[in-house]
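Protein sequences appear in the order of chains A and B. Throughout the first sequence, residue numbering follows my numbering, covering 305 to 524 in sequence. Throughout the second sequence, residue numbering follows my numbering, covering 305 to 524 in sequence. One structure is given here, and the rest of the page talks about it.
Number of protein chains: 2
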Amino acid sequence: MSQVRVHNLSLSLDGFGTGEGQSLEEPFGHAGHRLMSWAFPTRTFREMGLPGQGPGTTGIDDVLASRWDRGIGVEIMGRHKFGPQRGPWPDDGWRGWWGEDPPFHTPVIVLTHHPRPPLVMKGGTRFEFLDASPEEALARARELAGDLDVRIGGGVQAVREFLAADLVDSMHLAVVPIVLGRGERLWDGLEGLEQRLAVESVASGSGLTHLLFSRPGTGG
Amino acid sequence: MSQVRVHNLSLSLDGFGTGEGQSLEEPFGHAGHRLMSWAFPTRTFREMGLPGQGPGTTGIDDVLASRWDRGIGVEIMGRHKFGPQRGPWPDDGWRGWWGEDPPFHTPVIVLTHHPRPPLVMKGGTRFEFLDASPEEALARARELAGDLDVRIGGGVQAVREFLAADLVDSMHLAVVPIVLGRGERLWDGLEGLEQRLAVESVASGSGLTHLLFSRPGTGG
Numbered sequence: 305m306s307q308v309r310v311h312n313l314s315l316s317l318d319g320f321g322t323g324e325g326q327s328l329e330e331p332f333g334h335a336g337h338r339l340m341s342w343a344f345p346t347r348t349f350r351e352m353g354l355p356g357q358g359p360g361t362t363g364i365d366d367v368l369a370s371r372w373d374r375g376i377g378v379e380i381m382g383r384h385k386f387g388p389q390r391g392p393w394p395d396d397g398w399r400g401w402w403g404e405d406p407p408f409h410t411p412v413i414v415l416t417h418h419p420r421p422p423l424v425m426k427g428g429t430r431f432e433f434l435d436a437s438p439e440e441a442l443a444r445a446r447e448l449a450g451d452l453d454v455r456i457g458g459g460v461q462a463v464r465e466f467l468a469a470d471l472v473d474s475m476h477l478a479v480v481p482i483v484l485g486r487g488e489r490l491w492d493g494l495e496g497l498e499q500r501l502a503v504e505s506v507a508s509g510s511g512l513t514h515l516l517f518s519r520p521g522t523g524g
Numbered sequence: 305m306s307q308v309r310v311h312n313l314s315l316s317l318d319g320f321g322t323g324e325g326q327s328l329e330e331p332f333g334h335a336g337h338r339l340m341s342w343a344f345p346t347r348t349f350r351e352m353g354l355p356g357q358g359p360g361t362t363g364i365d366d367v368l369a370s371r372w373d374r375g376i377g378v379e380i381m382g383r384h385k386f387g388p389q390r391g392p393w394p395d396d397g398w399r400g401w402w403g404e405d406p407p408f409h410t411p412v413i414v415l416t417h418h419p420r421p422p423l424v425m426k427g428g429t430r431f432e433f434l435d436a437s438p439e440e441a442l443a444r445a446r447e448l449a450g451d452l453d454v455r456i457g458g459g460v461q462a463v464r465e466f467l468a469a470d471l472v473d474s475m476h477l478a479v480v481p482i483v484l485g486r487g488e489r490l491w492d493g494l495e496g497l498e499q500r501l502a503v504e505s506v507a508s509g510s511g512l513t514h515l516l517f518s519r520p521g522t523g524g
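This is how it looks when you write it as structure tokens:
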């Protein structure tokens, strides 16, 4: 059975996965780049096309980051990860944050209450827009993924909904040593999560902590 | 200059330092013993009188726990740490959770809007009840502590108030891998704390993460 996985989801110490006030200019709102800045220097993110000098780091941050696309057949993302729009889609030519060749290279299901025709991108990425519950979206994702795993790619709200529905088998969180104060909190409504997913903790330089959740018995 | 320190404050992953519904039977509310259970097996806590077999562990959890009383001249605690009562003190003979010989062995300032005469205990502990702001309480604590350090002993609300007033020089948090869902949250109102206190992270077995905050320049 293929697994449902979350990777590289960054949280502040106070549990926010994005700041307040997402916009085209600030995809993470008032958090700016602070939540993801641990990942930018890694080789994995450099190879996704993020700017930077040199080949990128290959330490524990990179080792963990690099797992994100291994064995993945499809991503499910929330609408807020796809773009800053709200409500009915405007006729603005938006095709995601990632340009014409997004780093996914698989089908991507975008959850939205406003379905629209798929967008076929370069390199194998195909955005499909679905108005569906987590269970329904996962059923469609498994059709697309075959034997491969399904990644819940974020944002925070999408991950929280899949966790609440107990559909996640493994999750990698990067806890960044900042107190963000406001934004979208991952943990709300997830009391007792540790009874379903075991937790390991790995400290990395500068106060960053990686948390690895896995469902007992899955070997996740 | 003496420092103001916080030690062994346990938080859930979602940032709660105590659960909902504190009572005589459940000092941590619905959290039960889960927040402090990492500390019970340590030699430090065994020597405070907690029940258990054998001499106690001496690994990293104990090393960190053991710093709590080194060089401390006084503790400041919130009323909720002292006891479950609310409002005017009832005539119930309450002298704290810790019996006649509490583990503090120093003066202890209990913050309360309902002052009362001091309680002199065995072993050097003396509870003094003060209706004061954090700044006022710290001034009194420094009178009592001389050259020694001041510990903010908890609970969560007291620590949060001293952090908000930027009076804390070093803080040790133990983040326990549970999602508590409700209770008293440490982080509320502390946006940007990392700009005042640097953070180190140390992972310990079973998903526990120790966070060490210190004011740059204090060597804390």
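All C-beta atoms in this analysis are idealised placements derived from N, C-alpha and C, irrespective of residue type, glycine included.
Would you list the residues sitting across from residue 352 (chain B) in a DSSP beta bridge? Sequence index remark: in the second sequence, residue 352 (chain B) carries index 48 (1-based). Answer by DSSP bridge pairing: none, since residue 352 (chain B) is not bridged.
How many angstroms separate the CA atom of residue 315 (chain B) from the CA atom of residue 458 (chain B)? Position 11 of the second sequence, counted from the first residue, corresponds to residue 315 (chain B). Position 154 of the second sequence, counted from the first residue, corresponds to residue 458 (chain B). Computed Cα separation, rounded: 12 Å.
Selection from B:486, B:342, B:368 and B:364 that minimises the alpha carbon distance to residue 356 (chain B): As a first step, residue 356 (chain B) is located in the second sequence; it is residue number 52 there, counting from the start. Checked all of B:486, B:342, B:368 and B:364; the closest Cα to residue 356 (chain B) is B:342.
Can you list the residues of chain B that residue 465 (chain A) reaches, using a CB-CB cut of under 8 Å? By one-based count along the first sequence, residue 465 (chain A) stands at place 161. Within chain B, no residue comes near residue 465 (chain A); the closest Cβ sits about 15 Å away, beyond 8 Å.
Taking only runs of the beta strand (DSSP E) that begin and end inside the region 340-428 of chain A, which ones reach a length of at least 3 residues, in chain order? Those beta strand (DSSP E) runs which fall completely within the region 340-428 of chain A and span 3+ residues are 376-382 and 411-415.
Taking the alpha-carbon positions, what's the residue 363 (chain A) to residue 485 (chain B) distance? For this step, residue 363 (chain A) is matched to residue 59 along the first sequence. For this step, residue 485 (chain B) is matched to residue 181 along the second sequence. Using only the alpha carbons, I get a separation of about 34 Å.
Alpha helix (DSSP H) runs wholly inside the region 446-500 of chain B, at least 4 long, in chain order: Correct list: 460-468.
Between which two residues does the beta strand (DSSP E) harbouring residue 505 (chain A) extend? One-based indexing of the first sequence puts residue 505 (chain A) at position 201. In this chain, the beta strand (DSSP E) harbouring residue 505 (chain A) covers 502-507.
Which residues of chain A have a Cβ atom closer than 8 Å to the Cβ of residue 481 (chain B), listed in chain order? In the second sequence, residue 481 (chain B) corresponds to position 177, counting from 1. Under the 8 Å cutoff, chain A gives 498, 503, 505 and 515.
From residue 331 (chain B) to residue 388 (chain B), what does the alpha carbon distance come to, in whole angstroms? In the second sequence, counting from the first residue as 1, residue 331 (chain B) sits at position 27. In the second sequence, counting from the first residue as 1, residue 388 (chain B) sits at position 84. Taking the straight line from one Cα to the other gives about 7 Å.
Residues in the region 313-345 of chain B with C-beta within 8 Å of chain A's C-beta atoms, listed in sequence order? Listed by position, the residues of the region 313-345 of chain B near chain A (Cβ gap below 8 Å) are 317, 318 and 319.
My assumption, with CB atoms under 8 Å, is that residue 323 (chain A) sits in contact with residue 334 (chain A). Please give the rounded CB distance. Position 19 of the first sequence, counted from the start, is the residue given in the question as residue 323 (chain A). Position 30 of the first sequence, counted from the start, is the residue given in the question as residue 334 (chain A). Residue 323 (chain A) to residue 334 (chain A), Cβ: 4 Å. Contact.
Minimum C-alpha distance to residue 439 (chain A) - residue among A:430, A:432 and A:472: Taking the first residue of the first sequence as position 1, residue 439 (chain A) is located at position 135. Residue 439 (chain A) has its Cα closest to that of A:472, out of A:430, A:432 and A:472.
Beta-carbon separation (whole angstroms), residue 436 (chain A) vs residue 430 (chain A), contact threshold 8 Å: The residue labelled residue 436 (chain A) in the question sits at position 132 within the first sequence. The residue labelled residue 430 (chain A) in the question sits at position 126 within the first sequence. Contact annotation, residue 436 (chain A) with residue 430 (chain A): C-beta distance approximately 17 Å; criterion of less than 8 Å not satisfied.
Let me know if residue 376 (chain B) comes out buried or exposed under the rule of 16 or more other beta-carbons within 10 Å of its beta-carbon. In the second sequence, counting from the first residue as 1, residue 376 (chain B) sits at position 72. Under a 10 Å Cβ-count criterion, residue 376 (chain B) is classified as buried, with 16 or more other Cβ atoms of the shown protein chains found around its own Cβ.
Taking residue 325 (chain A) as the reference, give the member of A:358, A:390, A:381 and A:317 with the closest Cα. Along the first sequence, one-based indexing puts residue 325 (chain A) at 21. With distances taken between Cα atoms, residue 325 (chain A) lies closest to A:390.
Measure from the C-beta of residue 485 (chain A) to each C-beta in chain B and report whether the shortest distance is under 8 Å. Stepping through the first sequence from its first residue, residue 485 (chain A) is reached at position 181. Output row for residue 485 (chain A): interface = yes.
For residue 353 (chain B) and residue 409 (chain B), I'd like the C-alpha separation in whole angstroms. As a working note, residue 353 (chain B) is residue 49 in the second sequence. As a working note, residue 409 (chain B) is residue 105 in the second sequence. Cα atoms of residue 353 (chain B) and residue 409 (chain B): separation of roughly 14 Å, rounded to the nearest angstrom.
Assigned secondary structure, residue 330 (chain B) (DSSP; H/G/I helix, E/B strand, else coil): Start at 1 with the first residue of the second sequence, and residue 330 (chain B) comes out as number 26. DSSP places residue 330 (chain B) outside both helix and strand once states are collapsed to three, so it counts as coil.
List the residues of chain A whose Cβ lies closer than 8 Å to the Cβ of residue 525 (chain B), in chain order. The displayed coordinates of chain B run from 305 to 524. Any statement about residue 525 (chain B) would go beyond what the structure contains.
Take residue 521 (chain A) as the anchor and find which of A:509, A:510 and A:502 has the nearest alpha-carbon. As a position in the first sequence, residue 521 (chain A) is number 217, starting the count at 1. When each option's Cα is compared against that of residue 521 (chain A), the closest is A:502.
Could you please give me the residues that DSSP links to residue 518 (chain B) through a beta bridge? Within the second sequence, numbered from 1, the residue matching residue 518 (chain B) stands at position 214. By DSSP's assignment, residue 518 (chain B) forms a beta bridge with B:474 and B:502.
Distance check for residue 468 (chain B) and residue 460 (chain A), CA to CA, integer angstroms please. The residue labelled residue 460 (chain A) in the question sits at position 156 within the first sequence. The residue labelled residue 468 (chain B) in the question sits at position 164 within the second sequence. Cα to Cα, the separation comes out at about 27 Å.
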